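In the numbering used here, the protein residues as written are 29 to 244.
Written as structure tokens, this is what we have:
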């Protein structure tokens, strides 16, 4: 169970996107990927995939995104990005979603991570996950940098993304410079209107790509 927010409070992370659903289903079917490991979800949004990771056996899953948890972080955030661009309640909503799923304990942590504020002191994780993290080519270096900052040799990053998103190929090209990348195509069929606004005759399909990066 997760609570979505309005766009003003959470920006692009306010809703469940098709790739987030796809990654969550994939994690349920491949729970061995996260079992007994410390996992980081980048760009958690409402946290669906990260919560699934925590519920399917990870040692601990860290949900992360932009925004603030408390007033102290609000002042820091205000100095880094314009007020109108701040996802005001994104992290506090992640706290809420962890709590209502009984994960507000050592199995789940909430952390603010700004991909543009990497300083080299970041914690390294055995597994990093994310869904629909790239929409613009300009963001590719920051996303790749965040992945590299939170991984060590042997760590694995799983990205589920809608095919054709701008910047996706650029991110994978940057990661290939530091390890191996494999790609697998998925098609998700659902009833109704997709999270991306695609409308079909009762059903719609979304073409997804699951990329796996293992750091050398």
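In this text, a Cβ means the ideal position worked out from N, Cα and C, and glycines have one as well.
Every value quoted in this text rests on a predicted model; they were computed, and no experiment measured them.
In angstroms, rounded to a whole number, what distance separates the CA positions of residue i and residue j?
{"i": "residue 67", "j": "residue 77", "result": "11 Å"}
{"i": "residue 202", "j": "residue 154", "result": "20 Å"}
{"i": "residue 16", "j": "residue 84", "result": "Nothing can be reported for residue 16: it is not among the residues displayed for the chain, which extend from 29 to 244."}
{"i": "residue 63", "j": "residue 171", "result": "25 Å"}
{"i": "residue 65", "j": "residue 135", "result": "11 Å"}
{"i": "residue 29", "j": "residue 120", "result": "16 Å"}
{"i": "residue 102", "j": "residue 152", "result": "Reliability of the predicted coordinates at residue 102 is poor, the pLDDT of 45 falling under 50, and the value obtained from them is presented with this limitation in mind. Each residue's alpha carbon lies about 26 Å from the other."}
{"i": "residue 166", "j": "residue 125", "result": "31 Å"}
{"i": "residue 133", "j": "residue 232", "result": "37 Å"}
{"i": "residue 143", "j": "residue 82", "result": "23 Å"}
{"i": "residue 204", "j": "residue 183", "result": "14 Å"}
{"i": "residue 114", "j": "residue 57", "result": "With a pLDDT of only 48 at residue 114, under the threshold of 50, the placement of this residue in the model should not be trusted; the figure read from the coordinates follows. Approximately 35 Å between the Cα atoms of the pair."}
{"i": "residue 195", "j": "residue 130", "result": "36 Å"}
{"i": "residue 123", "j": "residue 89", "result": "13 Å"}
{"i": "residue 206", "j": "residue 47", "result": "25 Å"}
Report, in whole angstroms, the separation of the C-beta atoms of residue i and residue j, which I expect to be a contact under 8 Å.
{"i": "residue 191", "j": "residue 235", "result": "4 Å"}
{"i": "residue 149", "j": "residue 188", "result": "Contact doesn't hold; Cβ gap of about 28 Å is too wide."}
{"i": "residue 177", "j": "residue 199", "result": "Not a contact, Cβ separation roughly 14 Å."}
Beta carbon of residue i, beta carbon of residue j: below 8 Å?
{"i": "residue 162", "j": "residue 193", "result": "yes"}
{"i": "residue 92", "j": "residue 72", "result": "yes"}
{"i": "residue 173", "j": "residue 138", "result": "no"}
{"i": "residue 31", "j": "residue 74", "result": "yes"}
{"i": "residue 214", "j": "residue 50", "result": "yes"}
{"i": "residue 33", "j": "residue 117", "result": "yes"}
{"i": "residue 69", "j": "residue 128", "result": "no"}
For the structure I just gave you, are there three or more beta carbon pairs, one from the stretch 237-244 and one from the stretch 196-216, closer than 8 Å? Put simply, the stretch 237-244 touches the stretch 196-216. At least three CB pairs are less than 8 Å apart.
Let me know the beta strand (DSSP E) ranges lying completely inside the stretch 144-175, each 3 residues or longer, listed in chain order. Whole beta strand (DSSP E) segments, 3+ residues: 155-159.
Mind pulling the alpha helix (DSSP H) runs of 4 or more residues that sit fully within the stretch 179-205? DSSP runs (the alpha helix (DSSP H)) wholly in the stretch 179-205: 196-204.
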